[in-house]
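As you go down the protein sequences, you meet chains A and B in turn. Here the numbering used here = 1-based position in the first sequence + 283. Here the numbering used here = 1-based position in the second sequence + 1. Glycine included, C-beta positions come from ideal geometry on N, C-alpha and C.
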Amino acid sequence: MDASLAEIEAVYRTRGADFVRLALARTGDAEAARDAVQEGFARAIRGRWSYRRTGSLEAWIARCVLNAAHDLVRRPTAAGVVPNADDSASADEVDAPAVRAAIRRLPQRQRDALFLRFYLGFDYAEIAATLGIAVGTVSATLHAARASLADNLQEVAG
Amino acid sequence: MTFADNALDRLAPATPWEPDWSDVLARAGDRRLLSRRLLTKRRLLIALAVLAAFAVPLAALAAAKDWWFFRFGDFPRPVRAPVVVKEGVWSGHPWELIAYPSTTDGLCLAVAPKGAQARGDGAAMSCAPQIGVARTPETKASPDMTITFLTSSAGDRLPGYIVGPVVEDAATVVIRLDAGTALRVPTFGGPSSVGHVRFYASELPANGGLPPGLFGRRFRLTGLDRGGNVVACLVPATAVDGVSPLSACR
Numbered sequence: 284m285d286a287s288l289a290e291i292e293a294v295y296r297t298r299g300a301d302f303v304r305l306a307l308a309r310t311g312d313a314e315a316a317r318d319a320v321q322e323g324f325a326r327a328i329r330g331r332w333s334y335r336r337t338g339s340l341e342a343w344i345a346r347c348v349l350n351a352a353h354d355l356v357r358r359p360t361a362a363g364v365v366p367n368a369d370d371s372a373s374a375d376e377v378d379a380p381a382v383r384a385a386i387r388r389l390p391q392r393q394r395d396a397l398f399l400r401f402y403l404g405f406d407y408a409e410i411a412a413t414l415g416i417a418v419g420t421v422s423a424t425l426h427a428a429r430a431s432l433a434d435n436l437q438e439v440a441g
Numbered sequence: 002m003t004f005a006d007n008a009l010d011r012l013a014p015a016t017p018w019e020p021d022w023s024d025v026l027a028r029a030g031d032r033r034l035l036s037r038r039l040l041t042k043r044r045l046l047i048a049l050a051v052l053a054a055f056a057v058p059l060a061a062l063a064a065a066k067d068w069w070f071f072r073f074g075d076f077p078r079p080v081r082a083p084v085v086v087k088e089g090v091w092s093g094h095p096w097e098l099i100a101y102p103s104t105t106d107g108l109c110l111a112v113a114p115k116g117a118q119a120r121g122d123g124a125a126m127s128c129a130p131q132i133g134v135a136r137t138p139e140t141k142a143s144p145d146m147t148i149t150f151l152t153s154s155a156g157d158r159l160p161g162y163i164v165g166p167v168v169e170d171a172a173t174v175v176i177r178l179d180a181g182t183a184l185r186v187p188t189f190g191g192p193s194s195v196g197h198v199r200f201y202a203s204e205l206p207a208n209g210g211l212p213p214g215l216f217g218r219r220f221r222l223t224g225l226d227r228g229g230n231v232v233a234c235l236v237p238a239t240a241v242d243g244v245s246p247l248s249a250c251r
C-alpha cells in the first residue's frame, strides 16, 4: 500500500526543519539544503506509489531527501553549490570548517548514519531502511562513525 | 551532549524554516519547474499556477476527464477510466470516492472534497494490488491484498477519514483504532469496471488515535462476511509486504 499525499504533507510540515538540517549537513550549503528538501519531498510524491509500508514513511522520505541532496552536490555548477567548501563559513564560525573536514573523512555510509541518528532521531530500523543496510550493522556503523569523528576532530583541531 | 554531537550541532545548526508545500507540489507535477536557477524568480508564479490548477472544481475536471491526480507526472496509468464509487457527507463536508484499476499498481482510490468549492489540494490517493482486481503484465510483483486503506487526519476541507477496498465477500469492516475504539462499517459495491471488490468508508472520530504515517500496533482492519467469518485482514504493524494472514485478525 502506498503513501497518501496527506501523509507525506504531514511529515513535511512536522519534520521539515529536521530534514533541512539533514540536508545542510549533507550539502554544506543552506540554500542547497532547502532545495534538497523541496526536491526530496517532490520525489516522494512522484514515487509514493512504490512505498510499501514495510518501513516507516519518514525513513522512506529521508532516502528521497538524501538522494536529492546527493544529486545537488554532484552538480555544483548548475546549482551554484559549493559543498563542504571551507570558505563558505562566516568568520565567526571558525570551527565549522574543521568539523566539515572531520566529517568528510568518514565513509559516506557512516556519515549518513550519523546524520539520520542525530538530526532525525531515527532508530536503528529506520536508519537501516533509509540506507538499505541490515539492522544488525547499524550499531557498529554508528559506533565506528562516532569514534572516527572524535579522532578526526582531534587531528584537524590539533 | 557528546563531543561528536557538539560537532554535528555546529555542522548543521537548527534554523528557522518556512514550509512551502505549493512549491513541492509544483516540483512533483512538472519537471520543467525544477531549474533551481529559475526557481527563485518563479516561486510566486509557481504557487499561483498550482492554486489556479487546484481551484478548478473537480466536477469540471471530471467532465473533461482530467482528474486532479492526472496532473502528477508519475501517477499509475488507468486500465479503465476513473469512476465515482460513492458520494457522502462527513461532518457537513461533502466528499466523493473515486476508483480505477491501474496498469502498474493495482486498484487506485482517491478521496476528494466534493462540490463547487472543492479543490484538489484537499484530496488524497493510494494504490495497491487487490484481490478481485485483474492484474496486468505490468502490475508490480507485490502480492494482492484482501483489504487496504487510505486515511487522512482532519484538514481544512475534510475531517479525518479512512476508506478502502476489500474482498467482495466482506459485508462489514471492523476498524480497530489505536485509541482502543472499534468502528463497524458496512461495505458497499462499486461499478463492475473497477473489479470484483467492495468498499468501505468512514469518518474517523476526533483524536481517534490514527495520526497519518504513524500506525501503532493496535491498528487493525478486519473484513467479515455475513456469517461473521474473517475474510480480510490487515495489521500494518506486523504485515509482511503489506499482507497479513486472516489468522492475525481472529
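Practice task
To the nearest angstrom, report how far apart D301 of chain A and D6 of chain B are at their CA atoms.
Solution key: 15 Å
How would you list, in chain order, the residues of chain B whose beta-carbon sits under 7 Å from the beta-carbon of F401 of chain A? D6, L9
| Exposed or buried, what is V421 of chain A when buried is set at 16 or more other beta-carbons lying within 10 Å of its beta-carbon? | buried
- Query: Is it true that the stretch 132-147 of chain B meets the stretch 174-186 of chain B, where meeting means three or more beta-carbon pairs spaced less than 8 Å apart?
  - Reply: Segments in contact, no.
Check your understanding: Around the Cβ of N435 of chain A, are there at least 16 other Cβ atoms within 10 angstroms (buried) or fewer (exposed)?
Key -> N435 of chain A is buried by the Cβ-count criterion.
Next item on the list: Please list the residues of the stretch 142-171 of chain B that have a C-beta atom closer than 8 Å to any C-beta atom in chain A, keeping them in chain order.
Entry: Cβ contacts with chain A: S143, M146, T149, F150, L151, T152, S153, S154, G156.
Name the two residues that bound the continuous beta strand (DSSP E) containing A233 of chain B.
-> 231-235
**OP:** Tell me whether the beta-carbon of I163 of chain B lies closer than 8 Å to the beta-carbon of G224 of chain B.
**Re:** no
Between P237 of chain B and chain A, is there a C-beta pair that is closer than 8 Å? yes
Would DSSP call V134 of chain B helix, strand or coil? coil
- request: Could you confirm whether any beta carbon from chain A is found closer than 8 Å to the beta carbon of S127 of chain B?
  value: Interface residue, yes.
Within the 8 Å Cβ cut-off, does G196 of chain B reach chain A?
Cβ-Cβ to chain A under 8 Å: no for G196 of chain B.
| query | Does the separation of the CB atoms of V112 of chain B and L98 of chain B fall below 8 Å? | reply | yes
Would L464 of chain A pass as an interface residue toward chain B - the criterion being a Cβ-Cβ separation below 8 Å?
Only positions 284 to 441 of chain A appear in the structure, and residue 464 of chain A is not among them; the question remains open.
Checklist line | For L108 of chain B and G196 of chain B, believed in contact at Cβ under 8 Å, the rounded distance | finding: 6 Å
Q. What's the C-alpha gap between R394 of chain A and T310 of chain A?
A. 12 Å
*asked:* If we define contact as Cβ-Cβ less than 8 Å, is W18 of chain B a contact residue for chain A?
replied: yes
* To do: Could I get the ranges of all uninterrupted beta strand (DSSP E) runs contained in the stretch 171-209 of chain B, with 3 residues as the minimum, in chain order?
  => 173-177, 183-187, 198-204
Please name the residue in B:M146, B:S193, B:L178, B:A233 whose C-alpha comes closest to that of R335 of chain A.
B:M146
**Asked** According to DSSP, which residues form a beta bridge with K87 of chain B?
**Response** B:L98
task = Measure the alpha-carbon distance for L432 of chain A versus D10 of chain B and round it to whole angstroms.
result = 13 Å
| query | Do the stretch 316-323 of chain A and the stretch 83-93 of chain B meet, that is, are 3 or more Cβ pairs less than 8 Å apart? | reply | no
One or two residues paired with T167 of chain B in a DSSP bridge: Strictly speaking, residue 167 of chain B in this sequence is Val, with Thr absent from that position. For V167 of chain B, which the question treats as bridged, DSSP gives the partners B:I148, B:R199.
Discussion item. When you compare the CB positions of F150 of chain B and L222 of chain B, do they come within less than 8 Å of one another, or not?
Written reply: yes
Taking 6 Å as the limit between beta carbons, can you name the residues of its chain near A408 of chain A, skipping five residues before and five after? V418
TODO: Grab the span of the alpha helix (DSSP H) containing L247 of chain B for me, first residue to last.
DONE: From DSSP, L247 of chain B is part of no alpha helix (DSSP H); its letter is neither H nor E.
Please classify R304 of chain A as buried or exposed, where buried requires at least 16 neighbouring CB atoms within 10 angstroms.
buried
query = So what does DSSP say about T223 of chain B, is it helix, strand or coil?
reply = Secondary structure of T223 of chain B (DSSP, three-state): strand.
If distances are taken between C-alpha atoms only, which option among B:S154, B:A100, B:P114 comes closest to A129 of chain B?
B:A100
Among B:L178, B:T173, B:R177, which has the Cα closest to the Cα of T188 of chain B? Per the Cα distances, B:T173.
If you draw a straight line from the C-alpha of A352 of chain A to the C-alpha of A316 of chain A, how long is it?
7 Å
Exercise. Verify the CB distance criterion: does R336 of chain A have a CB-CB separation below 8 Å to chain B?
Key: The beta-carbon of R336 of chain A is placed less than 8 Å from the nearest beta-carbon of chain B.
For this session: Have a look at A:I328, A:R429, A:W343, A:Y295 and flag the residue whose alpha-carbon is nearest the alpha-carbon of L389 of chain A.
Result: With respect to the C-alpha of L389 of chain A, the residue from A:I328, A:R429, A:W343, A:Y295 having the closest C-alpha is A:R429.
Next on the checklist: Let's test the definition: count the other Cβ atoms within 10 Å of the Cβ of P14 of chain B and tell me whether it reaches 16, buried, or not, exposed.
Outcome noted: With fewer than 16 other Cβ atoms inside 10 Å of its own Cβ, P14 of chain B counts as exposed.
Taking all protein chains shown into account, decide if R298 of chain A is buried (16 or more other Cβ within 10 angstroms of its Cβ) or exposed.
With 16 or more other Cβ atoms within 10 Å, it is buried.
Please check if any C-beta of chain A sits within less than 8 Å of the C-beta of A100 of chain B. Answer no: the Cβ-Cβ gap between A100 of chain B and chain A never drops below 8 Å.
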